[in-house]
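Chemist: Structure in structure tokens, see below.
2 protein chains.
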Amino acid sequence: MPTDRADPRPRRIPEATVVRLPVYQRILAERLGAGEQTVSSEQLAERARVNAAKVRKDLSLLGSFGTRGTGYDTAFLIAQIDRALGVHRDWPVAVVGIGNLGRALVNSEGFSLHGFRIADLYDRDPNVVGQRVGPLLVRHIDDLHEPATGEAPAIGVVSTPAAAAQEVADALVNAGVRSILNFAPRVLTVPLGVILRYVDLSIELQVISFYLSRAEAGARPELPSEVAMWRSISLSARDPAPPP
Amino acid sequence: MPTDRADPRPRRIPEATVVRLPVYQRILAERLGAGEQTVSSEQLAERARVNAAKVRKDLSLLGSFGTRGTGYDTAFLIAQIDRALGVHRDWPVAVVGIGNLGRALVNSEGFSLHGFRIADLYDRDPNVVGQRVGPLLVRHIDDLHEPATGEAPAIGVVSTPAAAAQEVADALVNAGVRSILNFAPRVLTVPLGVILRYVDLSIELQVISFYLSRAEAGARPELPSEVAMWRSISLSARDPAPPP
DNA sequence: TCGTGTGAACCATTTCACAGCT
DNA sequence: AGCTGTGAAATGGTTCACACGA
């Protein structure tokens, strides 16, 4: 008997699935906006450029939410994915590095449209500290350990130059931040237990360069040249070694 | 006998490896800057947070470049990875959408430090068109089909608002651009054969949210909570179906 | 009839473990 | 003695194919 509704013991969700869920989310929101009450795995799959079986498998990990012969209820599925992702909660975000990039991120649709709340902005430049960006004042990095709201933000976004990134990451970790999203083109070191993800322009460009070269070199699609990807990297750290 | 030096028939390189190569690159550059002539798979692995065997396997796909008992020659390995990635070539890039984000990207270390040449800037806003950004003038989107340099750029970067992204992608494709890096929070549709990658703040935040929830829920590290990742998504499109 | 949910087969990637070179 | 390169085993993820329910 498949677990019904709010699953008390959620199955293990593979990392590969986790990164697809937000994509399905976005497609669902789109379809809901277009008035589609219901959506099939086939439709989701086409838009996401994946196999329909994969969509069904992914979604079935969250529970049995579809209706045979009909598909999935759009709004209901959105809610379920939200729940699985934990997005229904409030995750305060601190952005460190309020240059061009930081400002762009703060004002971006990525934050506002998806319920993440920017709690604090930090910079080191005295000309920037004290400025108003959106609804917030930029604070000095050294005040990181005592956030405006009194509690450490859940997520730290690093949008400083590469040279400052490690130092900022250290400061975030010391302040009790449990996860870091790094935009600086720099490999970071953080303690085990801190969630770390990278967003990196030059890495993406290099990956594209690779596939461009291949597409050009082999006239025949040696690697099928239609490589469409959502940030398809996977340097996920497993346990360094379960102590035997 | 392992193929030596410039391999005329390069092995197939798995996608998973392709995305790690730029990371190794960055670490190597770092070590070279620190004066390390040579580096071991163990050292690379530690910094990249991966298994050393993986590093060796990845690198052995490019050829046999290491020296047993010693490790890899740092500078030489950098050159080899560059070659594998095709970064030694000139890939002109067009950036469409010169708002906060576009400007941040154009001025970022990601471009300048990694040899990608920005060939064209485009926007739709008449107030922006004609402006000077870095060494370039912003041109109007409608001039996309006739790029300043006369030849279509190899890579198109989309940094417009979500609402304009599909339209811009279409224009890029029509202009002959073979690959797109999309920063807009929007699922795009492009013809088969066009390389498409996404960089997406809100997706990353949602993925982090998932792991934060899990880390919090299960006191025991249900999924080992140290999930460190390089943009680990993988919605890669395989051939829709090899026509039978 | 249509489309989900899912075992089972398949394929890709990771890790182990060790032979072989320096 | 140290570290690469790589078969072979283990793991993880994808796709097939079909029973089942609406």
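Quick mapping for you: the protein sequence lines, in order, are chains H and G.
When you line the first sequence up against my numbering, it's residues 4 to 247, in that order.
When you line the second sequence up against my numbering, it's residues 4 to 247, in that order.
We put the beta carbon where it would ideally sit given N, CA and C, even for glycine.
Does the separation of the CB atoms of G/Leu35 and G/Thr77 fall below 8 Å?
Modeler: A contact, by the Cβ cut-off of 8 Å.
Chemist: From the DSSP output, which residues share a beta bridge with G/Pro95?
Modeler: DSSP lists G/Arg120 as partners of G/Pro95.
Chemist: How is H/Val190 classed by DSSP in three states: helix, strand or coil?
Modeler: Here H/Val190 sits in coil by DSSP.
Chemist: Which whole-angstrom value describes the C-beta separation of G/Leu124 and G/Leu139, a residue pair presumed to lie in contact below a C-beta threshold of 8 Å?
Modeler: Between G/Leu139 and G/Leu124 the Cβ distance is about 5 Å, and since that is below 8 Å, they are a contact.
Chemist: In chain order, what residues of the same chain have a beta carbon less than 7 Å from the beta carbon of H/Thr20, not counting five sequence neighbours either side?
Modeler: For H/Thr20, where only same-chain residues beyond five positions count, the Cβ hits under 7 Å are Asp61 and Leu64.
Chemist: Within the chosen definition, does the segment 112-127 of chain G reach the segment 204-212 of chain H through at least 3 CB pairs nearer than 8 Å?
Modeler: Yes, the segment 112-127 of chain G touches the segment 204-212 of chain H.
Chemist: Measuring alpha carbon to alpha carbon, tell me which residue in H/Ser212, H/Val180, H/Gly74 and H/Ala56 is nearest H/Glu149.
Modeler: That would be H/Val180, whose Cα lies nearest to the Cα of H/Glu149.
Chemist: How would you write the range of the alpha helix (DSSP H) that H/Arg50 sits in, first residue to last?
Modeler: Ser44 to Ala51 is the extent of the alpha helix (DSSP H) around H/Arg50.
Chemist: With a threshold of 16 other CB atoms inside 10 Å of the CB of G/Leu195, please say whether the residue is buried or exposed.
Modeler: Classification for G/Leu195: exposed.
Chemist: Taking only beta-carbon positions, decide if G/Asn130 is within less than 8 Å of chain H.
Modeler: Not one chain H Cβ lies under 8 Å of G/Asn130.
Chemist: Is the Cβ of H/Gln209 closer than 8 Å to any Cβ of chain G?
Modeler: Answer yes: the Cβ-Cβ gap between H/Gln209 and chain G drops below 8 Å somewhere.
Chemist: Using a 10 Å radius around the Cβ and a threshold of 16 neighbouring Cβ atoms, would you call H/Thr163 buried or exposed?
Modeler: It counts as buried.
Chemist: Going by alpha carbons, who is nearest to H/Arg52 out of G/Ala218, G/Ala157, G/Val193 and G/Val202?
Modeler: Checking every option, the nearest Cα to that of H/Arg52 belongs to G/Val193.
Chemist: H/Arg71 by DSSP, collapsed to three states: which one?
Modeler: Correct three-state label for H/Arg71: coil.
Chemist: Taking all protein chains shown into account, decide if G/Gln83 is buried (16 or more other Cβ within 10 angstroms of its Cβ) or exposed.
Modeler: Looking at its Cβ environment, which holds 16 or more other Cβ atoms inside 10 Å, G/Gln83 is buried.
Chemist: By Cβ distance below 7 Å, which residues in the same chain neighbour H/Glu49 in space, the five residues on each side in sequence not counted?
Modeler: Excluding positions up to five away in sequence, the list is empty.
Chemist: Under a Cβ-count criterion, where at least 16 other Cβ atoms within 10 Å of its own Cβ denotes burial, should G/Pro17 be classed as buried or exposed?
Modeler: Exposed is the call here.
Chemist: Just how far apart, CA to CA, sit H/His143 and H/Asn130?
Modeler: The alpha-carbon atoms of H/His143 and H/Asn130 are separated by roughly 10 Å.
Chemist: Nearest to H/Ile198 by alpha carbon, out of G/Gln134, G/Ser212 and G/Asp203?
Modeler: Nearest of G/Gln134, G/Ser212 and G/Asp203 to H/Ile198, Cα basis: G/Ser212.
Chemist: Evaluate H/Arg223 with the Cβ neighbour count: other Cβ atoms within 10 Å of its Cβ, from every protein chain shown; 16 or more gives buried, anything less gives exposed.
Modeler: The predicted model places H/Arg223 with a pLDDT of 39, which falls under 50 and marks its position as unreliable, so this point remains unresolved.
Chemist: Using a beta-carbon distance below 8 Å, is G/Asn110 in contact with chain H?
Modeler: With 8 Å as the cut-off, G/Asn110 counts as an interface residue toward chain H.
Chemist: Less than 8 Å between CB atoms is the rule here; does G/Phe213 satisfy it with respect to chain H?
Modeler: Chain H contact via Cβ: present.
Chemist: For H/Gly153, which of H/Ala55, H/Ser115, H/Ala97 and H/Ala187 has the nearest alpha-carbon?
Modeler: Considering only alpha carbons, the answer is H/Ala97.
Chemist: What is the residue span of the beta strand (DSSP E) that G/Val58 lies within?
Modeler: Segment Ala55 to Ser63 is the alpha helix (DSSP H) holding G/Val58; no beta strand (DSSP E) there.
Chemist: Is G/Gly89 close to chain H? Criterion is C-beta to C-beta, closer than 8 Å.
Modeler: Yes, G/Gly89 counts as interfacial toward chain H.
Chemist: So that I know if they touch, is there some Cβ in chain G lying closer than 8 Å to that of H/Phe119?
Modeler: Yes, because at least one Cβ of chain G sits closer than 8 Å to the Cβ of H/Phe119.
Chemist: Who pairs with H/Asp76 in a beta bridge, going by DSSP?
Modeler: Partner(s): H/Thr41.
Chemist: Would you mind listing the beta strand (DSSP E) stretches within the segment 141-205 of chain G that are 3+ residues and don't spill past its ends, in chain order?
Modeler: 158-161, 182-185 and 198-201, all fully within the segment 141-205 of chain G.
Chemist: I need the DSSP call for G/Val136, collapsed to helix, strand or coil.
Modeler: Correct three-state label for G/Val136: strand.
Chemist: Please name the residue, chosen from G/Lys57, G/Leu88, G/Ala178 and G/Val26, that lies closest to H/Glu219 on a Cα-to-Cα basis.
Modeler: Nearest C-alpha to H/Glu219: G/Leu88.
Chemist: Using CA coordinates, which residue listed in H/Gln46, H/Arg189, H/Ala172 and H/Ser216 is at the minimum distance from H/Ser182?
Modeler: Among H/Gln46, H/Arg189, H/Ala172 and H/Ser216, the Cα nearest to that of H/Ser182 belongs to H/Ala172.
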